[in-house]
Every structure is written in structure tokens, then in C-alpha cells.
Amino acid sequence: MAAWLGWVIESNWTDPFLFAVYSIVKPISGAAILVIMYGIISQGNYESALFPYIYLGNAFYIYVGAVMTGVSWAVVDDREHYKTLKYMYIAPIYIPLYLLGRGVARFITGSIAVFITIAAGILFLNVKINFAEVDWLLFFVTLIVGVVMLALLGLLLAGITLTVARHEGFIGEATAGALYIFSGAIFPLDVLPEWLRPVGYFMPTTYWLELLRRSLVGNVAQAFPTLANFSNMEILGVLLALSVFFGTVSIYVFRWCDARARELGLIDRTTNY
Amino acid sequence: MSASLAIETKDLGRIYKLRGSKKETRKELVALEGVNLTVERGELFGLLGPNGAGKTTLIKVLTTLLAPTSGWARVAGKDVHTEPDLVRPRINMVSGGESSGYGLLTVRENLWMFSQFYGVPSKEANERIEALLEMVGLKDRMNTKSSDLSTGLRQKMNIVRGFLTEPEVLFLDEPTLGLDVGAMRDVRKFILDWLKADKERTLLLTTHYMAEAEELCDRVAIINKGRVLACDKPSVLKQRLQKDALFEIQVSPLNGLTQQNLLDQPEVTKAAISETETGAKLSLSLVEESALARVINLFTQKDVKVMNLTKREPTLEDVFVDLVGRSMAEEEEHGQP
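Here the protein sequences come in this chain order: L and Y.
Residues 7 to 279 in my numbering are what the first sequence spells out, letter by letter.
Residues 208 to 544 in my numbering are what the second sequence spells out, letter by letter.
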């Protein structure tokens, strides 16, 4: 039900044609900007292993913004915009599940964007993926684990969003922006100052993006030094462990924030959205 | 707790901590204090008080949206703070004066979605939706996107949302706020019809419309500054004033005549003044009718002309004035923090 509601909200804000154009143009534009920037900096060296590393990292990072902020944004949307959060709260539903359901729609639109971005990269932007060599099992296992992990991180942000009465709309975007730097999405963690790297090593998104790239382009990605000494299974193990850790933390943080919001009277507080 | 009680509160309190500037210490706002109420199953119970009296806060606590800071409350026999998951399937709530709802969904879709959250079978939900929309005169707009509805129609949709799940206890927070007179009448009739259909249904209604409380409620609690000042049947509450003679007097501009001037008259027990376009309206409670002569004499001294004078039966507004010392309008203007 929540997923259906999310999809209606995501897809019905404009007419179907404009929605389709927006869904195609937005990811391609984002990727094109990155490719142009890369082209200028690398002086057109699209054969470098760095290129698919950056391109795929950027493409899959769409999921981080879509799924994670999709879950937390539902709090802002329902509380401030539709003024329905209090009615959801007094309904006999499990609120975390409702919020995760709202994120499903963003997962679907995010998946469309990721597919379009990668397809455009292969067809027009010189991104080379040999489908015969793709490790599909690793790809799908990693994708599913990652999306679940992102949804749970979204729940953590949703909890924090609940307890914040102002500027809560920026929490998801700010977190997604920070993770962009610390997850090795468009550059290896080795580029970061040494004292900042542990932040990246602690983020499950780092291992998730690495595994997705490895599953699609294999050794090219492994040529990068950050996680080069780890096998796919080792990285998958770290990803699973960190996902369980962050997932557990997210559930507890959400519960605490939920109780706190009830104590402070924040569940139906609006700030004239 | 008695099995017949739909709502029970004991010493219920709620204090908000208000944030001031860094230099200021945190201020506290007492929204509810020592509230003791019992509402029987099948009752239409009214909470009457000015804006900011604590009515909405009490509803928030009873609907599990807000934790109390002291005391306890039970709804349908379950503690709202420690057993919220057991309370929620048994209740629903409608807040008036707001246009909540998903504008991208049609009226039917909005209502159907909420019915599913309460586990109402889809076919039954659709039947209920059609019947309820018919009752509030919204059936012909069933497939209209709710964003295309006027505020009043959207409010009617929300009222249907509250009734749709057939709750044991329904909370209506100012349900007619912002509605035009015709829509108000429709909603009040709808509320009474809904209650008549099942004697076990309980409804707690907050309002600051005296006439609404008098017309609808079996019992009324008068609340001000977070405290329940009186609780009884409207007729019993009014009886306490029937020893006094009540007059409503329309006068020209007051020329410095104050409420205190009126209260200084020995036979005037209560006085409320509300300004009008042409002067002022005075509500006076006199020990005996003969005291009216002294009041008229006072008007003459102040060169205040009497334009209309009516003796009337006491209302809940008079009860409020008797309890608080000023009218609800005055209390809203001066009495809130």
C-alpha cells in the first residue's frame, strides 16, 4: 500500500510524457556532465580504467540518493506537505515498514535512472562492459544487499528527520552528499587525506559500489588500490557485516527518535512547508 | 477500570518545554494539568474551551501522538502511552480546519488507502466509502483528485476518513472549523446519525462553538489553561446559573465604560463585553431583574445608549464566563500565554 502510494506520488506529479522525458533526461544529463568533466581533466583518455570506475560509481550512486533519501523524505512529505503523518501514526500500521514501502517507489525510479545511465554510457559514452564476463550472481546479490542496506540507512535518517522540526528536508540530501565523498563513488578512497579514509572504510556503501563495479567490469576495477587486496568474497562479507551493523543501529535509532518525537510533540508539527 | 468506559484519564498532565534564546532559561508551558475524565461507551462527549485551552493536546495524548508528562490515560481500556499498538486499531481521528490528504489521489483512492491500513476488506471498504460519501453529499466527486476539491469538501473527505474504519472511539478535533453554515449542519447531522447507528460507538468532540457543544453533546467538559473546570450534561451546567437573571444588551460605543465599572455594581455578578461595529455587546448576570435599573443608570451617566436589550436563558458561554470570569473570546485574546 505504501509502495503504491509512493509510486503515485513519484509518477503522477506531472503528465506521463513529461515524467518519461524527465526520467530519461535527468540521469543522462548528470552522467554527461561527469563525462565532460572527466574528458577535460583526463584530456580525453576514455580508455583509462578510471573512466568506467567513475562512470559506474556515479551511476549506482543514484540508488543512494533515491532509496536512502526516499525513505526519509516520506516523513517530510507526509508531515509537512500532505499533513497525513499523524493519521499514519494513529493507524494500526508498523511505521518503519510504511516508510520503507514509500522508499520502494524511489527504488523503482532510481533503477530506471541507473539503467538509462549505464545504457547511455555503453551506447554513446564509450563505457565498455563485456556482458559475457559479467558476474551476474555477484551483481544481483550485491545489488539486493545494498538496496536493503540503503533502505535501512534511510530509516535511520527518517528517525532523525522526525526529531527535527526545521530544515529536515536537507538531512537526506546532506547525508547522500557526504557519502558521495566517502564511498569512493567517483574517486578511490586513497585520494582522501589519510585521516579521513577510515570514514570511507566504515561506510558499507564503499564496499557495495566496489563489488558492483567488480561484478560488471571485473579486473579493471580491481586495478584500483583501495580494496585491491580484498577478494570479492571478503568484500561481500564486510558489506554484509556492515549492513547488519548499520541496519541494527538504524532500527534502534529510529525507535529512539520515534519515542522522542512523541515526547516532544513533533509527529504532527509543521513549519509551513 | 470499568469495561463500560471508553476513555479514562487520571491526573493527566502535559508540559511543553519551550526553547528561548540561548541566554534565556527554558520556559515551560503547562498544556494539561491534573485532567481527570471518564467517558462512557456510547457517549458523545464534548471538550469545550477557547483556542489554546488544551483540547487538541488532550486529543493528541489520547490518540497516542503525544506522550503525557504525568498521570495516565486509557482509551478502550488500553493505556495510550504503554500500549499504543492496542489503542490504534480501536480509534480514529479527524482534525478540522486543515486540508490534509494526498492531492494526487482521488477522493475514493485516499479513503480506500486508509481503509486498507485498518484492514478493512477492499470490497467492504468500497461499499462503506460510497455510503459515507453519499451521506456527506460528496459521492458525485468520488473520482475527483482531492487537490481539486474546495477546502470544505476536502474537510468532508477527511471526516469520512475518520468514520470509515468504524472506530470504537472517534476523536473529532474542531470538525466544523472553517466550514460554511450548510456544511456545518450536514456534518453535525452526520455525526448524530453515525452515533445512533451503534450504541457502542463513542465520540469525543472538541469545539469552541458553544452551540455545537449544546446541540450535540451528552456531556461537556469545560477546559481552560489545561484544566478541566467543570464536567456534566449541558443542562446541568446551565442550571448552576439559573438563579441569576441574564441579559444581553446592545449599546452604543462605551465612552470609557469598563467591565470593572459593571462589576462594581453590587447586583452584577458577571459581566462580559465584546465590541461590535456599532458599539458593544454586553452579557450581564444579575442577582435579580430589578438590578437592571442601576445598570441602565450607569449607562446614562456614561452617555451610553441602549440599542437593544434581551433577557435570555443561560448558555454554555455563560457557564464559561461564570467559571473563568470572562468570555471565551476575551480569554482567547488575553488569557493565553
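Note that CB positions come from ideal geometry on N, CA and C, so glycine has one too.
For the beta strand (DSSP E) that contains Y/G486, what are its first and last residues? Position 279 of the second sequence, counting from 1, holds the residue named residue 486 of chain Y. Looking at the DSSP string, Y/G486 is not in any beta strand (DSSP E), and its letter there is neither H nor E.
Sequence-distant residues of the same chain with beta carbon closer than 8 Å to Y/D525, five excluded per side: Position 318 of the second sequence, counted from the start, is the residue given in the question as residue 525 of chain Y. So the qualifying residues of the chain are K445, L448, L453, K477, S490, S492.
L/A111 to L/A9, Cα distance in whole Å? In the first sequence, residue 111 of chain L corresponds to position 105, counting from 1. In the first sequence, residue 9 of chain L corresponds to position 3, counting from 1. Distance between the alpha carbons of L/A111 and L/A9 is about 6 Å.
Helix, strand or coil, according to DSSP, for L/M209 in the structure here? If you number the first sequence from 1, residue 209 of chain L lands on position 203. Look at L/M209 here: in three-state DSSP terms it is coil, with no helix or strand label.
Using a beta-carbon distance below 8 Å, is Y/P296 in contact with chain L? Residue 296 of chain Y sits at position 89 when you count from the first residue of the second sequence. Yes, Y/P296 counts as interfacial toward chain L.
Relative to chain L, which residues along the region 250-278 of chain Y have a C-beta separation below 9 Å, given in chain order? T264, K267, T270, T271, L272, L273, A274, T276
Fully enclosed by the region 263-325 of chain Y, which alpha helix (DSSP H) runs are 4 residues long or longer? 291-294, 314-324
Alpha carbon to alpha carbon, how far is L/R187 from L/V153? The count along the first sequence starts at 1 and reaches residue 187 of chain L at position 181. The count along the first sequence starts at 1 and reaches residue 153 of chain L at position 147. Reading the sequence as shown, one finds Ile at residue 187 of chain L and not Arg. Whole-angstrom Cα-Cα distance: 19 Å.
Counting only Cβ pairs nearer than 9 Å, list the residues of chain L close to Y/E323. Taking the second sequence and counting its residues from 1, the one referred to as residue 323 of chain Y is at position 116. Inspection of the sequence shows that residue 323 of chain Y is occupied by Gln rather than by Glu. By Cβ distance, chain L contributes M7.
Give me the Cα-Cα distance between L/K92 and Y/L272, rounded to the nearest whole angstrom. Indexing the first sequence from 1 puts residue 92 of chain L at position 86. Indexing the second sequence from 1 puts residue 272 of chain Y at position 65. Taking the straight line joining both Cα atoms gives about 7 Å.
Using C-beta distances below 6 Å, list every residue in its chain close to L/G76, excluding the 5 sequence neighbours before and after it, in chain order. Locating residue 76 of chain L in the first sequence gives position 70, where the first residue counts as 1. The answer, listed in chain order, is G109, R112.
Specify, as a first and last residue, the run of the alpha helix (DSSP H) that L/C263 falls within. Reading the first sequence from its first residue, position 257 is the one you call residue 263 of chain L. L/C263 -> alpha helix (DSSP H) spans 238-270.
Could you tell me whether the region 73-89 of chain L touches the region 229-241 of chain L, where touching means 3 or more Cβ pairs closer than 8 Å? no
When the cut-off is 8 Å and only beta carbons count, does Y/G303 lie next to chain L? As a position in the second sequence, residue 303 of chain Y is number 96, starting the count at 1. Answer no: the Cβ-Cβ gap between Y/G303 and chain L never drops below 8 Å.
Coarse secondary structure for Y/I214, derived from DSSP in three states: In the second sequence, residue 214 of chain Y corresponds to position 7, counting from 1. Three-state DSSP puts Y/I214 in a strand.
Would you check if there are 3 or more beta carbon pairs closer than 8 Å linking the region 95-103 of chain L to the region 286-303 of chain Y? The region 95-103 of chain L, when compared against the region 286-303 of chain Y, does touch it at the 8 Å Cβ threshold.
Do three or more CB pairs link the region 253-260 of chain L to the region 253-262 of chain Y at distances below 8 Å? no
At a Cβ threshold of 8 Å, is Y/Y309 touching chain L? Position 102 of the second sequence holds residue 309 of chain Y. Taking Cβ atoms only, chain L reaches closer than 8 Å to Y/Y309, which makes this a yes.
Is DSSP giving Y/F454 helix, strand or coil here? Counting from 1 along the second sequence, the entry for residue 454 of chain Y is found at position 247. Correct three-state label for Y/F454: strand.
In angstroms, rounded to a whole number, what distance separates the CA positions of Y/N350 and Y/G303? The residue given as residue 350 of chain Y occupies position 143 in the second sequence. The residue given as residue 303 of chain Y occupies position 96 in the second sequence. The alpha-carbon atoms of Y/N350 and Y/G303 are separated by roughly 22 Å.
What does a CB cutoff of less than 8 Å around Y/T313 pick up in its chain, not counting 5 residues either side in sequence? By one-based count along the second sequence, residue 313 of chain Y stands at place 106. M349, N350, T351, K352, S353, listed in sequence order.
Show which residues of chain Y have a CB atom less than 7 Å away from the CB atom of L/E269. Locating residue 269 of chain L in the first sequence gives position 263, where the first residue counts as 1. Chain order gives the chain Y residues near L/E269 as A274, where near means a beta carbon separation below 7 Å.
Should Y/Y416 be flagged as near chain L, meaning a C-beta pair shorter than 8 Å? By one-based count along the second sequence, residue 416 of chain Y stands at place 209. No, its Cβ sits nowhere closer than 8 Å to a Cβ of chain L.
Any idea what DSSP makes of Y/T413, helix, strand or coil? For this step, residue 413 of chain Y is matched to residue 206 along the second sequence. Strand.
If the cut is a Cβ gap below 9 Å, which residues of chain L does Y/M300 touch? Within the second sequence, residue 300 of chain Y is the residue found at index 93, counting from 1. The contacting residues are K92, Y93, I96.
Does the distance from the CB of L/V223 to the CB of L/I128 come in under 8 Å? Mapped onto the first sequence, residue 223 of chain L falls at position 217. Mapped onto the first sequence, residue 128 of chain L falls at position 122. No, Cβ-Cβ distance for L/V223 and L/I128 is not below 8 Å.
Rank L/F260, L/F146, L/G271 by C-alpha distance to the C-alpha of L/Y100 and give the top, closest one. Position 94 of the first sequence holds residue 100 of chain L. Ranking L/F260, L/F146, L/G271 by Cα distance to L/Y100 puts L/F260 first.
Can you check which of these residues, Y/L225, Y/I480, Y/D510, is closest to Y/S534 by C-alpha distance? The residue given as residue 534 of chain Y occupies position 327 in the second sequence. Checked all of Y/L225, Y/I480, Y/D510; the closest Cα to Y/S534 is Y/I480.
On a CA-only basis, which of Y/S306, Y/L356, Y/T216, Y/A274 is nearest Y/V246? Give me that one, please. The sequence position of residue 246 of chain Y within the second sequence is 39, counting from 1. Y/V246 has its Cα closest to that of Y/T216, out of Y/S306, Y/L356, Y/T216, Y/A274.
Per DSSP, the bridge partner or partners of Y/C424: Along the second sequence, read from residue 1 onward, the residue named residue 424 of chain Y stands at position 217. DSSP output for Y/C424 lists no bridge partner at all.
Is L/F23 helix, strand or coil by DSSP? As a first step, residue 23 of chain L must be located in the first sequence, where it is residue number 17. The answer is helix: DSSP assigns L/F23 an H, G or I state.
Between Y/T383, Y/L340, Y/G433, which lies nearest to Y/E240 when the distance is taken from Cα to Cα? In the second sequence, residue 240 of chain Y corresponds to position 33, counting from 1. Nearest C-alpha to Y/E240: Y/G433.
Mind the definition here: the region 40-52 of chain L touches the region 141-151 of chain L only if three or more C-beta pairs lie below 8 Å; say whether that holds. no
For Y/R368, name the three-state secondary structure that DSSP assigns. Here residue 368 of chain Y is taken as the residue at index 161 of the second sequence, counted from 1. Correct three-state label for Y/R368: helix.
Please check if any C-beta of chain Y sits within less than 8 Å of the C-beta of L/V14. For this step, residue 14 of chain L is matched to residue 8 along the first sequence. Against chain Y, the CB of L/V14 has a partner CB under 8 Å away; the residue lies at that interface.
In this structure, how does DSSP classify Y/E474 when only helix, strand and coil are distinguished? If you number the second sequence from 1, residue 474 of chain Y lands on position 267. Of the three classes helix, strand and coil, the one that applies to Y/E474 here is coil, per DSSP.
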